[in-house]
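In my numbering, the protein residues as written are 89 to 667.
The beta carbon of each residue, even a glycine, is placed where N, CA and C say it ideally should be.
If you're wondering where the values come from, they're calculated on a predicted model, not measured in any experiment.
Okay, so here's the structure we're looking at.
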């Protein structure tokens, strides 16, 4: 029956789709003034392409809402600009230079801030503009807002960045570790004037390249030779493994956040891969401008549901059914926010404090003045002794003796075709391959885990560098794992991303960290906390062999003896609890 229903729906849409396009175009022409392919020259001599939509019955002067993007999809561009126009604004979609009607060459990240600022100056000078511009959008479009704010165009008065990337922080690497999936993204956005779906969606091509590189053990920098297409942009990024002047020039850096004096609303999700970028900008804005009017809305959303559209009660995210109260309309919140800033409307009801977060499993929204205030009771759980089931203890007291000793042969490729278990937010199994699992005693009473976890690590290793991944999970009394948060870092960059400092083999090393991803989860009595700790090794991301050379230049020949990590008993994780 489901198949029959799906077939009937497909048939109906096929039959009326051609007629619907003409009817919708006629309705747009009746309701809106639509300017397509508006070419705007920048002071640097480049050209950016814009789409502008205004209601025909709108006032003579309008505030503009700008979505500046590299994703040149005509349907999405029109939908977003038209939605802003329908809410009483001038809806503008601006494209990165080289996209749409721009004759330039597309280059992600590098020019967006200056180009979007130039477009804002142009908008403010138009006869229909009231001289005020707000920016919105998610992912890349969240990044462009912070890149623009770095240039402080006078007409930019408010922002709503969502699931925001932060180049050099969480893309194309995180914690100094380059991601494999970022290899093919440049082809998607920079191969033509629109989007190259054929390259982006050719999963067989990229999986073949990943596996071949992994098995052969060649240099990460030369991986594109296996594909046969030189990846100029990705290689350029690999030339900047430090958070150096290249990355610092793209978005605000340190004191530049202090000059951003406009209202900001950030939205993201606990399961958004870009959450670390969104919280990076939030934390830096607070750090350098403590009085900033900057709000956060965060809940059980992923990269897509955290930026636009409606999340309804009963929605699932990677197998997790969200609480009914988590069902909100991010798009509706967008216009409530801008109506508050530009039209004197009441502040959105959800924004009761700076940090507004949904407690998973508690079916409630809570509000706090800071990320730290989400979980003010900090509890330290130390790495302890082995348990009978092959895991290790997370315990309340430090041990004078070493805890776990972990070894991993970084040259071993017998796992090239391994099927990774688990992967859902709620799962019966957990992937602990190449890792050690630390497990706490059961919580006797209900407790709320809310905020950012942190830790202090003490270890001895035989390598000059180690990549570290920590996954944090709740293990319920029903023996189900619930994904909470994660952290990763190349230890040579921990605490100083601008400059690599190699480790000293055979000597005690100490590292303090704060994770970049927040979560909020109501634990029931009997739940345990599980930390899966390991260096990471697989076909996609960089493999740090620990030789001390640039990791992009290392090969399997640099693996040497197996990696050995001795976790010392004063290592601990600090978890944020609300009660």
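*Should the stretch 515-535 be regarded as contacting the stretch 619-632, the criterion being three or more beta carbon pairs within less than 8 Å?*
The stretch 515-535 makes contact with the stretch 619-632, as at least three CB pairs between them are under 8 Å.
*What do you reckon, are the CB atoms on residue 381 and residue 351 nearer than 8 Å?*
Yes, the pair counts as a contact, with Cβ atoms nearer than the cut-off.
*asked:* Going residue by residue through the stretch 468-540, where are the continuous beta strand (DSSP E) segments of at least 3 residues, counting only ones entirely within it?
replied: For the stretch 468-540, whole beta strand (DSSP E) runs of length 3 or above, ordered along the chain, are 480-483, 493-496, 524-528, 535-539.
*For the candidate residues 93, 190, 175, whose alpha-carbon lies nearest to that of residue 430?*
Relative to residue 430, the option among 93, 190, 175 whose CA is nearest is 175.
*Whose CA, out of 602, 633, 652, lies closest to the CA of residue 596?*
For residue 596, the closest C-alpha among the options 602, 633, 652 is that of 652.
*asked:* Between 165, 322, 367, which has its C-alpha nearest residue 355's C-alpha?
replied: With distances taken between Cα atoms, residue 355 lies closest to 367.
*Alpha carbon to alpha carbon, how far is residue 370 from residue 576?*
Each residue's alpha carbon lies about 19 Å from the other.
*For residue 337, which of helix, strand or coil comes out of DSSP?*
In this structure, residue 337 counts as coil in the three-state DSSP scheme.
*Name the DSSP bridge partner or partners of residue 179?*
Under DSSP, residue 179 forms a beta bridge with 141, 153.
*Same chain only: Cβ atoms within 8 Å of residue 307, ignoring 5 sequence neighbours per side*: Around residue 307: 640, 641, 642, 643.
*Option in 378, 414, 402, 375 with minimal Cα separation from residue 394*: Selected option, being the one with the closest Cα: 414.
*Should residue 187 go down as buried or exposed, given a rule of 16 or more other Cβ atoms within 10 Å for buried?*
Residue environment: residue 187 is assigned as buried (16 or more neighbouring CB atoms within 10 Å of its CB, all protein chains considered).
_Given this structure, state the Cα-to-Cα distance separating residue 396 from residue 275, to the nearest angstrom._
Cα to Cα, residue 396 sits roughly 25 Å from residue 275.
*Length of the line joining the Cα atoms of residue 137 and residue 161*: Answer to the nearest angstrom: the Cα atoms are 13 Å apart.
*Locate the beta strand (DSSP E) running through residue 599, then write down its first and last residues.*
Start and end: 597-602.
*Note down the Cα distance separating residue 105 from residue 419, rounded to an integer number of angstroms.*
So the two alpha carbons sit approximately 26 Å from each other.
*Quick one, which of 600, 615, 555, 543 has its alpha-carbon nearest residue 565's?*
Selection 600, 615, 555, 543 evaluated against residue 565 yields 615 as nearest (Cα-Cα).
*From 484, 539, 190, residue whose alpha carbon lies closest to that of residue 461*: The residue with the shortest Cα to Cα distance from residue 461 is 539.
*asked:* At 4 residues or longer, what runs of the alpha helix (DSSP H) sit wholly inside the stretch 234-322?
replied: Complete alpha helix (DSSP H) runs here, min 4: 273-278, 285-288, 291-304, 312-315.
_Quick check on residue 197: buried or exposed, where buried means 16 or more other Cβ atoms within 10 Å of its Cβ?_
Buried: at least 16 other Cβ atoms inside 10 Å.
*Would you mind giving the Cβ-Cβ distance between residue 422 and residue 224, rounded to the nearest angstrom? I have them listed as a contact below 8 Å.*
Right, the Cβ-Cβ distance comes to about 6 Å (below 8 Å), so this counts as a contact.
_Close Cβ partners of residue 312 (< 6 Å) along its chain, the five nearest in sequence each way excluded_ = Result list for residue 312: 318, 319, in chain order.
*Assess, as a yes-or-no matter, whether the stretch 255-272 is touched by the stretch 576-593 under the definition of 3 or more beta carbon pairs within less than 8 Å.*
Output reads yes: the stretch 255-272 touches the stretch 576-593.
*Separation of residue 121 from residue 243, as counted between CA atoms*: Counting only the Cα atoms, residue 121 lies some 23 Å from residue 243.
*Identify, in the order they occur along the chain, each residue of the same chain with its Cβ nearer than 7 Å to the Cβ of residue 509, setting aside the five sequence neighbours on each side.*
Excluding sequence neighbours, residue 509 sits near 517, 519.
*asked:* Would residue 250 and residue 230 qualify as a contact pair, given that the criterion is a beta-carbon distance under 8 Å?
replied: Cβ distance < 8 Å, so residue 250 and residue 230 count as in contact.
*Taking the alpha-carbon positions, what's the residue 569 to residue 563 distance?*
Take the alpha-carbon of residue 569 and the one of residue 563: they are about 5 Å apart.
*With residue 561 as the anchor, note down where its beta strand (DSSP E) starts and where it stops.*
It spans 555-563 - the beta strand (DSSP E) in which residue 561 sits, taken as one unbroken run.
*residue 556 to residue 481, Cα distance in whole Å?*
Their Cα atoms are separated by approximately 19 Å.
*asked:* At the level of alpha carbons, what is the spacing between residue 664 and residue 472?
replied: Roughly 20 Å between the two C-alpha positions.
*Proximal residues to residue 455 (C-beta, below 6 Å), its chain only, five neighbours per side dropped*: 440, 441, 444.
*asked:* Which residues does DSSP list as the beta-bridge partners of residue 444?
replied: Beta-bridge pairing links residue 444 to 385, 455.
*DSSP state of residue 639 mapped onto helix, strand, coil*: Correct three-state label for residue 639: helix.
*Taking the alpha-carbon positions, what's the residue 315 to residue 259 distance?*
Their backbone Cα atoms lie some 22 Å apart in a straight line.
*I think residue 547 touches residue 560, with their Cβ atoms under 8 Å apart; what is that distance to the nearest whole Å?*
Wrong, their Cβ atoms sit about 18 Å apart, outside the cutoff.
*Determine the burial state of residue 89: buried for a count of at least 16 other Cβ atoms within 10 Å of its Cβ, exposed for fewer.*
With fewer than 16 other Cβ atoms within 10 Å, it is exposed.
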